[in-house]
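One structure is given here, and the rest of the page talks about it.
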Amino acid sequence: MNSLDLEVHPVYGPIPYDGDTVQCGEVLGLSPDGGSIIAAPISGTVRICRIQSGDGYRTVVRIIPDGAEGCSYSDA
């Protein structure tokens, strides 16, 4: 796997900073609709991407894996 992109709420934004390392199960932010929490399914380095989308923008957390496997549901 090269990277994994997860969209988070554009206003509240992501919890980790660009360049941070996250562990499997760490909270990344709120879902785009604000109805649920998004947790990292894999460990790795975070890149924050702001993507122009129609009349606004999307905020995407890109995780570049550190070589470890993804977490199981019991880990998250």
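Start counting the sequence shown at -6; every next residue gets the next number (this note's numbering). Ideal placement from N, C-alpha and C gives every residue a C-beta, glycine not left out.
With distances taken from CA atoms, which of the options is nearest residue i?
| i | options | result |
| --- | --- | --- |
| GLY22 | SER46, ARG55 and ASP59 | ARG55 |
| PRO3 | THR14, ALA32, ASP13 and ILE44 | ILE44 |
| TYR50 | ILE41, PRO58 and ILE57 | ILE41 |
| GLY28 | ASP59, VAL53, ASP13 and TYR5 | TYR5 |
Under a Cβ-count criterion, where at least 16 other Cβ atoms within 10 Å of its own Cβ denotes burial, should residue i be classed as buried or exposed?
| i | result |
| --- | --- |
| VAL20 | exposed |
| ILE30 | exposed |
Indicate whether residue i and residue j have their beta-carbon atoms separated by less than 7 Å.
| i | j | result |
| --- | --- | --- |
| PRO58 | GLY37 | yes |
| VAL39 | GLU0 | no |
| ALA33 | VAL15 | yes |
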